[in-house]
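Residue numbers (UniProt numbering): 1 to 223. Just so it is clear, CB atoms sit at the ideal spot from N, CA and C, and this is done for glycine as well. Note that this is a predicted model, so its numbers are computed, not measured.
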């Protein structure tokens with residue numbers, strides 16, 4: 001009697017385990033596969049991460065892939081084009097008390113009748129976005145440093161203004177006019193320099209946008 005109950009108890013337990021684990025085993029849509037893949041990556045479950053990746057890219061996933069540990073992954077637009085799916089993805093991580101967001105694309109391939117994450121292509125989009133984020137950060141830091149330098153220079157000029165005014169009075173109107181002209185030329189040079197920097201950034205961003213459009217598949221199903 002006791003053995004019979006134990007037997008049925010084991011069967012019930014096996015059924016429950018099957019029910020709870022079948023969520024990431026049945027045939028899934030590209031987004032569901034991507035969700036299972038990133039859920040496994042977040043907890044460094046290498047076995048399941050490889051299970052939801054393409055055969056040729058499984059070896060790229062190892063225990064050293066810690067950049068997604070404890071991260072928050074969200075999905076955006078999905079484009080299905082035959083055996084290829086791209087999903088706009090954003091990973092948010094906390095490092096040293098600072099939140100970092102990296103937008104990229106999860107690339108999936110229909111392999112042997114099932115959707116699988118192509119980690120090689122996905123990783124390339126992550127590298128590209130990391131590089132662009134680094135450039136953006138450098139531009140922001142440059143802007144902050146430039147602003148700080150200008151503030152310091154203006155404060156220094158402000159403090160010396162009484163001294164300058166006194167000297168200009170002694171030198172007379174002609175000298176005062178020359179100083180005004182020199183200041184005007186300096187301001188024009190600063191303006192041209194800022195406009196040139198803005199043009200360089202605009203050109204770079206336009207090229208990146210054009211490259212991004214070329215990489216994304218056209219047509220397909222958009223969700």
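Helix, strand or coil at residue i [DSSP, three-state]
| i | result |
| --- | --- |
| residue 68 | coil |
| residue 137 | Note that residue 137 scores a pLDDT of 48, beneath 50, so its modelled location is shaky; the value from the coordinates is reported in the next line. The answer is helix: DSSP assigns residue 137 an H, G or I state. |
| residue 33 | helix |
| residue 43 | coil |
| residue 61 | coil |
| residue 127 | helix |
| residue 27 | coil |
Nearest candidate by alpha-carbon position, reference residue i, set the options
| i | options | result |
| --- | --- | --- |
| residue 114 | 202, 203, 206 and 27 | 27 |
| residue 106 | 94, 95 and 75 | 75 |
| residue 126 | 109, 103 and 118 | 103 |
| residue 116 | 123, 84 and 183 | 84 |
| residue 82 | 101, 67, 110 and 88 | 110 |
| residue 123 | 43, 199, 194 and 61 | 61 |
| residue 68 | 199, 44, 53 and 86 | 44 |
| residue 154 | 79, 97, 183 and 87 | 183 |
| residue 80 | 35, 29 and 63 | 29 |
| residue 86 | 108, 101, 100 and 96 | 108 |
| residue 63 | 77, 41 and 51 | 41 |
| residue 66 | 78, 88, 51 and 38 | 38 |
For residue i, the residue or residues it bridges with in DSSP
| i | result |
| --- | --- |
| residue 92 | 72 and 101 |
| residue 87 | 78 and 106 |
| residue 53 | 117 |
| residue 111 | 114 |
Residue i, buried or exposed, once every other Cβ within 10 Å from all chains shown has been counted against 16
| i | result |
| --- | --- |
| residue 56 | exposed |
| residue 53 | buried |
| residue 49 | buried |
| residue 118 | buried |
| residue 190 | exposed |
| residue 159 | exposed |
| residue 23 | Any answer about residue 23 is weak, because its pLDDT of 49 lies below 50 and its placement is not dependable; what the coordinates show is given next. Exposed. |
| residue 157 | exposed |
* Touching or not, the segment 91-101 and the segment 65-74, by the rule of three or more beta carbon pairs under 8 Å? -> yes
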